[in-house]
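Okay, so here's the structure we're looking at.
Numbering (this note's numbering), first residue to last: 3 to 338.
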């Protein structure tokens, strides 16, 4: 190359804008392919896949900013426009998957014979009083209430609160050996269950209820560990436990899985995600501090092949309750 000639290629100064443009496209493509390639549950990767909605919106906003800078600053116009194109392409790659999974926001179906209404709400220990949980359950005519994280000391308080609200329940606890627990409350007329305590690798985060009469689902409840660097192994173990339970057709698995469809997949074991079936798998349930379209859908109801979905809703009316999660309601009936 002659002295003073401009350097070309991707490693030269002229190639830097192309690298900036390619980076968001490659990252978005990697995010979309992580699940199909079996990489979605790896450490770091799992955590980065969760905020798909926020990353999509962020990339789109940055594309607008880069375009604006390019228009007012001629010296960086080429680099700005290339970066804007890369960011916009990345946003489209991420957003198409989110759009396909769906942002449906439907009202719950009415009460009907043969339907079971399952309410799940992670109230983060004691951020919502039991009376408020009972009020919501009564309003939504819930038959089963899954609380992935309540204070063990408040267990008896929930039964009393539901009794006072006019909805007698039988409370099934996972264990009493931890400050917090996963609890399942079943409306008294349907409370024909036997609890299996300590049935998973994390007894205080899980519960399994076996029906004692036909027409009821085998209930599996879970508050999964977080897929952080230190917690990734526990999180994977929790999901494997649910997948093993889902080999039974009559299972309905409910809880805060700390996972989206990127890491859960369309099915976990033999169970399918109710939100995915309803076209609402991109509606965020966490955190309530951001709109549902920007949040992460971490709370799930998974249906075994023996159950069919009548309706699924993310309930937005409790965003100011103090809880960080939105409740979800699934209405199911036995497959015939």
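Even glycine gets a Cβ: it sits at the ideal position worked out from N, Cα and C.
All values reported here derive from a predicted model rather than from experimental measurement.
Across the structure, residue 230 and residue 307 are spaced so that their CA atoms are roughly 31 Å apart. As DSSP reads the structure, residue 133 sits in no beta bridge.
Exposure of residue 107 is indicated by the presence of fewer than 16 other C-beta atoms within 10 angstroms of its C-beta.
Counting only runs of 4+ residues, no alpha helix (DSSP H) is found wholly inside the segment 162-197. Nearest C-alpha to residue 154 among 175, 171, 162: 175. The straight-line gap separating the alpha-carbon atoms of residue 269 and residue 276 is approximately 10 Å. When the five nearest sequence neighbours on each side are left out, the beta carbons in the same chain lying within less than 7 Å of the beta carbon of residue 134 are those of 323, in order along the chain. Nearest in C-alpha terms to residue 142, of all of 191, 283, 112, is 112. Restricting attention to 196, 272, 336, 225, the CA atom closest to the CA of residue 248 is found in 272. The segment 231-251 makes no contact with the segment 285-296: fewer than 3 CB pairs, one atom from each, lie closer than 8 Å. Under the criterion of beta carbons closer than 8 Å, residue 65 and residue 86 qualify as touching, at roughly 5 Å. Within the same chain, 194, 195, 196 come within 8 Å of residue 214 by CB-CB distance, once the 5 residues on both sides are set aside. If you draw a straight line from the Cα of residue 83 to the Cα of residue 283, it is about 33 Å long.
By the neighbour-count criterion, in which a residue is buried when 16 or more other Cβ atoms sit within 10 angstroms of its Cβ, residue 98 is exposed. Taking the Cα of residue 173 as reference, the smallest distance to any Cα among 136, 180, 47, 181 is reached at 136.
Taking 8 Å as the cut-off, the beta carbon of residue 43 is found no closer than this to the beta carbon of residue 262.
In summary, residue 181 is exposed, with fewer than 16 beta-carbon neighbours lying within 10 Å of its beta-carbon over all protein chains present. Here residue 301 carries a strand assignment [DSSP, helix/strand/coil]. Closest option to residue 217, judged by alpha-carbon separation, among 223, 253, 207: 253. Distance between residue 298 and residue 245, taken at the CA atoms: about 21 Å. Inter-residue distance for residue 20 and residue 80 is about 10 Å (C-alpha atoms, whole angstroms).
Separation of residue 91 and residue 26 (C-alpha to C-alpha, rounded to the nearest whole angstrom) is 8 Å.
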